[in-house]
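Read through the structure below, which is laid out as structure tokens, and then see the notes.
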Amino acid sequence: MSDSDEDSPMARVKPERTTSTGKTRRRAVDSDSDDADSTPRPANGDEDHTDSHTAKRVKLENGVNGKGKERARVQDSDDSEDEDGEDVKMVLRERKQLVRDDTGYVTGSIVRIACHSFLTYDEVEFNPGPALNMIIGPNGTGKSTIACAIALGLGFSPKVLGRATKLSQYCKNDSNEETWIEIELKGHPGKKNLVIRRYLYRDSERTKFMVDGDETPAKEVAEKMEELQVQVGNLCTFLPQDRVASFAMMTASGLLRETERAAGHEQLSTWHDVLIQEYKTCKVAQEEVDRVSESLKRKQTKQAETEKEVHAFQQRERLEQELGEAQVLQRAFEYDVAYENYQRARQEKTVVANEIAELEERNRPFKDSKAALKKLVDSSISQQDKLAKKVQLALKDAESKKQQLAKADDERSATADKIRQIKSDETTRRENIQKCRKEIAKYEPMVENEPAEADTSEIDRQIRDKTNEKNDVAAKIQETAQEIGNVQYQGQRLKAQEDQMRHDLARLQEAGKVREAACQRFDQDAWRAVDWLRQNQDKFKGKIYEPARLNLFLKKDFNGRKLDVRDQSLVSMIEGPISMNAFSTFLFEKREDYDLMHNILVDAPNSRQPGSGLRINGAEITGNVPFDRIPRPLSDEELHALGFDAWAIDLLDGPEPVLTWLCTQHNLHRIPVQLDRRRIDIQAVEQGKDIPRYYTREGSNSIKYSTYGARFAQNDQRAAQPAKILNTSVDESRISGVTKRIEETHEERKRLHGELQRLGRVGNDLRAQADQLTVERDELVQERNAMSKARTAWQRAKSKLASLQSSLQRELSKPSATEKREQLAARMRKLMEKRVKLTIEYEDLLVKAADVQESSIKVHLQTLQAESDHRAMDLMVRERDEELEEKREALERATAAVAALLKEGKRHNAAYQEAVAALSDEQKERVKERRESGEETLQTIEDKIVEIESNLNCTIAVSPLVLDAYNKRKIEINDLKSKLEDAEEKLDESKKVIETTEGRWLPELEHLVGEVSAKFTASFETLGLLGEVRLAKDPDYEKWGIEIMVSFRDCKDNSADVELHVLSGHRQSGGERALTTVTYLLALAELARAPFALVDEINQGMDQRAERNMHKMLVETTCKADVGQYFLLTPKLLPDLVYHPKMKVLVINVSPWIPETLSLQGILDAKRKLNKRKGLPNGRAIAAH
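Here the sequence shown is numbered in this note's numbering, starting from 30 and rising by one per residue.
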């Protein structure tokens, strides 16, 4: 055996073969040494351990006795086997004592617990004591959170808690900080403590462990917990609140397994696992022996019955072999016939193919001629097309020359006309010269005597004055026009501003539309009422205000501070004091309006059943105090001194009657809110009694005062609910401001329109004045002109004379007729030369076009002849191709026949090959010899087949499966004999392992159950009850269990009908189950191997007497020197409970904050003084640490 096998207790080794029987034997080892480790258990604390352990055996040394059977010897690691073969006596070992150092902590106990952002705690750290730790506090303060922190912090699965199964669900909901748990465990004597920190994450199920500051895998943490024997997964040592009921519902077998793990011998669970596994192995082996024996007997009987059928089958098989050989020969002959037909068809196909080749050779010259003629036709057509294009091009060039010639003729005609015009022009020039000289002679005398100038200075001054006045009026008209333009520009600008403001107003009112859509969706009755009200306002006498959900909004700012509707915690805080009914209530100024709307919408829809219509809320607001006169309980300074920023009503915007109603009916003017997180002076708030309720971003806080006695204050804190209404807001102040600016802009536009009309009238007056000045100035100009008429006539004559002299000079400077004739004659000669040249070029182009046209006609005639020859040759080729086509059709038929015969031959060959494949080698040899002999024909083979089939019909058909089954059964019988021998050997070995292991396990178990029962019975007797713990046995070791037997009748009752009943989740009450559970756990406490244990709210359902006795037993038991650390979590305490100096009381205070001066010891001292003054005994109150 290898060293590794010896280190592992009860580990299996590889099969060994003995020389005596040649069979495989199994060997196993059992180590009963004190330092042997038990089988590692999973950290998740699952209750079913049977499947998680591999089967283990005690060591069996193989030997052979006189009868050839195995002989078993139990070998113990401490005591060798007796030479005389006596039974091994089991020695009850003392329980392994817990190791406790000078501080009182046992190894593995909890020294410190710290949590950050875990469940109910933002931050917590405390040090439990080494003995009993009583953790008290009201419900919901985080007691069970400590149990969760211990289980998860030490690496165990959330399943052991019976609560949420996901790690991410243990992170604090309202915190974004990192979540971690840190547990400090007492180390071995002389070694430092073990500090384990576990990190949890909100967004995933991943986790991380840090051991002594180093990141460590979860597997190593689990191994350390196993080394320290921490048993969080065992309900007997760790009983969370959510699994208290699971203890009573635990099966007897489950309770036994947990008890073994919690308080039994270190190998008690291992032995039990071996017994469970070996019982299953033994049971399976016994079933296997019975099954194999029965199966062997049946098969042997069936084998004897089948022998006659096998003989008949063999005879028939010989005939079938002969038939198979004959059928193979038949298929061979059929294939030969098909092959001969195929060869003949191939020869016929070859003959036809040769004839086709000969015809094609004879027809080839005709086809070549046809192809040559086709090529000639195509070439002629192509040449004809090219010549046609050349003709068109030549004609186009000739036409172009013709147009140039016509243009030259036009220029020649125009030049000739100009030559003829020279004489006429010369005559006109002479006439103009004479006319100018005559006119000059006329005006020269008139210019000789210049008249004196008239005195028009006064008239000129008047004209200038009128002109200046007109210019001034024109300037005013211009100024007026500019003012009109400015006014029009301002009007257009104001119009654009008004349009933009109306657009902004519509955008600001969109939040109101969102509110309306939400009302229509979530409060249909209220919306239908609003819609009806908007259409029927004329039916009411007073003002009706729609529900606050449509007209109540969060202010945009408060005291210079911006209030953002997107700040969810802010909106939720402000909306918190307002109920949904308040948001849906219509407000009426007059009672008759309320009655009218109620009758129409609520009662009228079904007059037979009043109130069957819409469900709406209404309230009358007559007589309310004006909003600005509603007093606040405290001034702003007093409010800020307490830690608040504003009253709830001060942060809301809406119609004043609605705000007033919210104050008078819902006290929003008495509810302060805190916008920024800071300390609130709770003591001052409670003493002042002016504030019954206040809101922070964390939620609401209601302050109530006791009715009697000192009237102490009680603060009830609730988490904030998400806002549903105010998270959409309308800025009423901005809407009002925009509306006001729109009205102001509209009024300004009206004023500008009036100004524009005034300026128009002013402009009309100025234009009329300018027209009058123009008339007056024109009259003065006419008068001045009359005065200077002679001077004007002289100036006009002088100007005319100068013009005539200039015209005469131009006429005299023109060229003479002779010069013009010479110039035009030279041009005429050039034009005649150009025309002659164009005429020659035109004639050449016409000749070229005619030559090309002639060539085209010749080519066309050649094309016609070639096409005629091609058609004649094509007819001749088709006539010769008809005979060739007939031969090709014959070739196709021959080809098809060859293919069909080939297919048929392949089919016969495939059938032959398939038949041959089905023959044995011997049959194949016989078939080959018969074919080669040539003595048989197809006919003789067919006759032989008929004869064999006749003989087969005379024999009884036996299924081939009979022989297969016979041969298979023969093999199976041999296998079954071997299996039976192995199964019997395995059964004997399992029985010996069970016998040996039970000899070790049962005495230890009975001793443990006896100790637990004695302690349990004694505890119940002190309570005046009856109870004991029994060991329930069963052939199946997995069904063994512990039954807790109890009776809750007075133990002094000696009536005959008093009997003990098994503790279950149905028979006893919750308090009885809780009392039994804690009593059983206490019975285990002195025997437990775990360094610490925990019970959470185990006293639920107990009466005071039972709870007081339970507490006494718990204190007395857990404060003993040989008992480990214990945690008791409870939400309530009775007065005058038993106290022990070793126990430690941990008090959880619940409040948003804790006064720095708070002292629990001071509270206890004050209570004692109060009792002393009242003459009450102080009793034995539990001291706080």
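Backbone N, C-alpha and C define an ideal beta-carbon position, used for all residues, glycine too.
Rounded separation between residue i and residue j - CA only
i	j	result
PHE238	GLY262	19 Å
GLY934	THR969	22 Å
ALA333	GLU346	21 Å
ARG227	LYS253	14 Å
ARG360	ALA374	21 Å
GLY1039	LEU1116	12 Å
GLN801	LEU809	13 Å
ASP1125	GLN296	29 Å
ARG620	GLY166	53 Å
TYR724	PRO606	8 Å
ASN982	GLN344	13 Å
THR924	LEU931	10 Å
PRO662	LEU704	19 Å
ARG856	THR444	8 Å
GLY1130	VAL1041	24 Å
ASP1132	GLN1097	14 Å
CYS548	LEU562	15 Å
Close Cβ partners of residue i (< 7 Å) along its chain, the five nearest in sequence each way excluded
i	result
GLU123	The predicted model places GLU123 with a pLDDT of 48, which falls under 50 and marks its position as unreliable, so this point remains unresolved.
PRO69	A caution first: PRO69 carries a pLDDT of 37, below 50, which makes its placement in the model too unreliable to give a value.
LEU875	ALA427
ARG955	GLU354
Residues near residue i in its chain [Cβ-Cβ closer than 8 Å; skip 5 each side]
i	result
GLU473	LEU830
GLY184	ALA72, ILE225, ARG227, PHE238, ALA247, VAL250, ALA251, MET254
PRO751	GLN597, SER601
Supposed contact pair residue j and residue i - C-beta distance, whole angstroms, cut 8 Å
i	j	result
ILE469	GLN824	Contact doesn't hold; Cβ gap of about 17 Å is too wide.
VAL189	PHE267	7 Å
TYR871	LYS430	4 Å
LEU671	ILE709	7 Å
SER729	PRO721	Rounded, the Cβ-Cβ distance is 11 Å, inconsistent with contact.
Residue burial classification, residue i (beta-carbon count within 10 angstroms, cutoff 16)
i	result
THR1147	buried
ILE573	buried
CYS265	buried
GLU1014	buried
PHE615	buried
MET902	buried
PRO1160	buried
SER60	For SER60, the pLDDT reaches just 36, beneath the cut-off of 50, and the residue's location in the model is therefore unreliable, although a value from the coordinates is still provided. Buried, by the Cβ-count rule.
ASP454	exposed
ARG15	An answer regarding residue 15 cannot be provided, because it is not within the stretch 30 to 1214 covered by the chain.
LEU680	buried
MET1074	buried
GLY1204	exposed
Contact set for residue i: own chain, Cβ-Cβ below 6 Å, skip 5 residues either direction
i	result
ARG1202	none
LYS1196	none
GLU1057	SER1042, THR1046, MET1074
GLN270	SER173, ASP1125, GLU1126
From the options, residue whose alpha carbon lies closest to that of residue i
i	options	result
ASN500	THR614, ALA799, ILE709, LYS570	ALA799
ILE1071	ASP319, LEU1052, LEU284	LEU284
GLU460	LYS542, ALA178, THR892, LEU837	LEU837
SER16	GLN566, VAL594, ASN696	In this structure the chain extends from 30 to 1214, so residue 16 is not present and cannot be described.
ASP1165	LEU1157, ARG1134, ALA928	ARG1134
ALA510	GLY792, THR245, GLY717	GLY792
GLN942	LYS436, VAL927, VAL357	VAL357
ASP365	ARG595, PRO660, HIS937	HIS937
ILE506	GLN519, ASP560, ARG796, ASN730	ARG796
TYR518	ALA994, HIS782, LEU1113, GLU244	HIS782
GLU349	GLU976, GLN1154, ALA417	GLU976
Closer than 7 Å: residue i CB and nearest the ligand ADP heavy atom
i	result
ARG129	The model depicted lacks the ligand ADP and carries no ligand whatsoever.
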